[in-house]
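Protein chains: 2
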Amino acid sequence: MSHECKVETALDILVGKWKPVILFNIFQHGTLRFSELQRLIPNITKKMLTTQLRELEYHDIINRKVYPQVPPKVEYSITDYGKGLTPLLESMHEWGLSHIAHLDKIYGENNTEKSN
Amino acid sequence: MSHECKVETALDILVGKWKPVILFNIFQHGTLRFSELQRLIPNITKKMLTTQLRELEYHDIINRKVYPQVPPKVEYSITDYGKGLTPLLESMHEWGLSHIAHLDKIYGENNTEKSN
DNA sequence: TGCCATAGTATACAAAAGGATACCTAGAGG
DNA sequence: CCTCTAGGTATCCTTTTGTATACTATGGCA
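Taken in sequence, the protein lines are chains A and B. For the record, in the first sequence the residue sitting at position 110 is 110 according to this note's numbering, with numbers rising by one throughout. For the record, in the second sequence the residue sitting at position 50 is 1050 according to this note's numbering, with numbers rising by one throughout.
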């Protein structure tokens, strides 16, 4: 039947504590070096940044360009294929915005914490 | 500016090993009892089913209707608000399908495992 | 009296994800 | 020859998620 739900496949590439914010920044700036990402995302460790970038690279969402220099220079950018994510990310962002408003309506504005 | 990325908010309500398949089933069947969900989702434990359902309920995606009987009867259904998720879920499903094809093209069909 | 059913809780545990910290490389500048 | 730099690894530890298993409540039925 092939009607299997593939929502999880889409989820997979976005899940991870830092992937959305990494993508957001690369989308915004076009191209970013590793150290620029580190600056833009306070609190992220090199290890986390590396693993999340590698996962996105594996999925062909971002491109990793190494300049053979010392000290090293590595630039990350969205692949052409990765740009196809834009509509989906925008839908999710829109839905997220309105959902925050909805939760406010239900539980009140003063509920900053998630009772998840 | 309020241009903050709210993709994570959308992500939040879908993350959890079982949420997509739970939603999928309730969407398909309209209304399902706890035990019916258990049957439809082999391997899920009562505890996981309970916690995932409670999280979805907190977000007003599903409705929990308790019949005061013995033995207990509890029915779960999508709320009207929750139905607003449909377009997003469909976009994710579509993207997921084409992404699987894309990965196949890159890494070959015989790569069932994720090198995530 | 004892057993069945449903929709859970409680407890203990295993696995996965994430975090902190130290270390590595090799050339440029002092 | 010491130190700085950028972009990482390696190792160990903590937190979060998920799993397994046993237990509970209540009324109807034999």
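All C-beta atoms in this analysis are idealised placements derived from N, C-alpha and C, irrespective of residue type, glycine included. Since we're looking at a predicted model, the values are computed, not measured.
| query | result |
| --- | --- |
| Contact set for A/Leu40: own chain, Cβ-Cβ below 6 Å, skip 5 residues either direction | Asn25 |
| Proximity to A/Arg117 [Cα-Cα], best of A/Lys19, A/Pro20 and A/Leu49 | An answer regarding residue 117 of chain A cannot be provided, because it is not within the stretch 1 to 116 covered by chain A. |
| Partners in chain B for A/His93, counting only beta-carbon separations shorter than 8 Å | Cys1005, Lys1006, Val1007 and Ala1010 |
| Per-residue contacts from A/Met24 into chain B (C-beta, under 8 Å) | The question names Met, but residue 24 of chain A is Phe in the sequence shown. The contacting residues are Cys1005 and Val1007. |
| Among B/Pro1068, B/Glu1057 and B/Pro1071, nearest to B/Tyr1081 - alpha-carbon criterion | B/Glu1057 |
| Delimiting residues of the alpha helix (DSSP H) encompassing B/Leu1089 | Thr1086 to Tyr1107 |
| Alpha carbon of A/Ile61 to alpha carbon of A/Thr79, nearest angstrom | 6 Å |
| Nearest-angstrom Cα separation, counted from A/Gln38 out to A/Ile44 | 7 Å |
| Residue burial classification, A/Pro20 (beta-carbon count within 10 angstroms, cutoff 16) | buried |
| Backbone CA spacing between B/Phe964 and B/Gln1069 [nearest angstrom] | Since the displayed chain B opens at 1001 and closes at 1116, residue 964 of chain B lies outside it and no answer follows. |
| Coarse secondary structure for B/Val1021, derived from DSSP in three states | helix |
| Helix, strand or coil at B/Asp1078 [DSSP, three-state] | Looking at the sequence itself, residue 1078 of chain B is Ile, so the reference to Asp does not match. If DSSP states are grouped into helix, strand and coil, B/Ile1078 belongs with the strands. |
| Collapsed DSSP secondary structure at B/Lys1073 in the structure displayed | strand |
| Below-9 Å beta-carbon distance, A/Asp104 vs any chain B residue | no |
| Beta-ladder partner(s) of B/Ile1062, from DSSP | B/Ile1078 |
| Per-residue DSSP class, three states only, for B/Thr1031 | strand |
| Whole-Å CB distance - B/Ile1013 paired with B/Leu1053, under 8 Å assumed | Contact flag wrong, Cβ pair sits at about 12 Å. |
| Opening and closing residue of the alpha helix (DSSP H) in which A/Ile119 lies | The first residue shown for chain A is 1 and the last is 116, placing residue 119 of chain A beyond what the model contains. |
| C-beta neighbour in chain A for B/His1029, strict 9 Å | no |
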